[in-house]
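Q:
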Amino acid sequence: MSRHTEHDTREHLLATGERLCMHRGFTGMGLSELLKTAEVPKGSFYHYFRSKEAFGVAMLERHYASYHQRLATHFASSEGDYRDRVLNYYQETLTQFCQQGIISGCLTVKLSAEVCDLSEDMRTAMDKGASGVIALLAQALESGRNEKTLSFSGDPLTQAQVLYSLWL
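Quick note: the sequence shown uses my numbering, first residue 421, plus one each step.
1) May I have the straight-line CA-CA distance separating L557 from S471, to the nearest angstrom?
2) Here's the rule: buried if 16 or more other CB atoms are within 10 angstroms of the residue's CB, otherwise exposed. What is C441?
3) Could you check what DSSP says for K530 in three-state terms: helix, strand or coil?
4) So, at 7 Å on beta carbons, what are the nonlocal neighbours of A580 in its own chain, with the 5 sequence-adjacent residues on each side left out?
5) Could you pull out every residue in the same chain whose Cβ sits closer than 7 Å to the Cβ of E453, ignoring the five residues on either side in sequence?
6) Drop a sphere of 10 angstroms on the beta-carbon of S532, count the other beta-carbons inside from all chains shown, and report buried for 16 or more, exposed for fewer.
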């Protein structure tokens, strides 16, 4: 690995860990495998993270920050009304799944199967990240209802929770 700044090394570890988790899950990803794949010495890992669980929390926070940004950007696009934006989000994801056989980058789905094995801090990070996705979806649903392109009864947050749960 080429020489990285402190931020770059930490980011490289997190990105490598996320890729490995997408294939093996968090509990299936060994620290040795992560360090070997990232070409980072063990001491460097512990410089950035106090434990594998602390690494997992940072990885989830990074993942959800990116996911929230992509989703916010998608919903804020000027293409179509909010009904179209919500439907396009799901259609794009479904198309990707049909073409690739996986929903790439969906760490939530991958780690949900092992949530009981994860630390409390990791479960909290997953819950916080999922809540952020649901909040963004609720905002889009509310905007669609306000522009009269979406019609549903009840609270947009409840509707978003249902949509999110069904989608997983």
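In this text, a Cβ means the ideal position worked out from N, Cα and C, and glycines have one as well.
A: On the basis of the coordinates in this document:
1) 33 Å
2) buried
3) helix
4) Taken in chain order, the residues that qualify are I554, L557, A558 and L561.
5) L440
6) exposed
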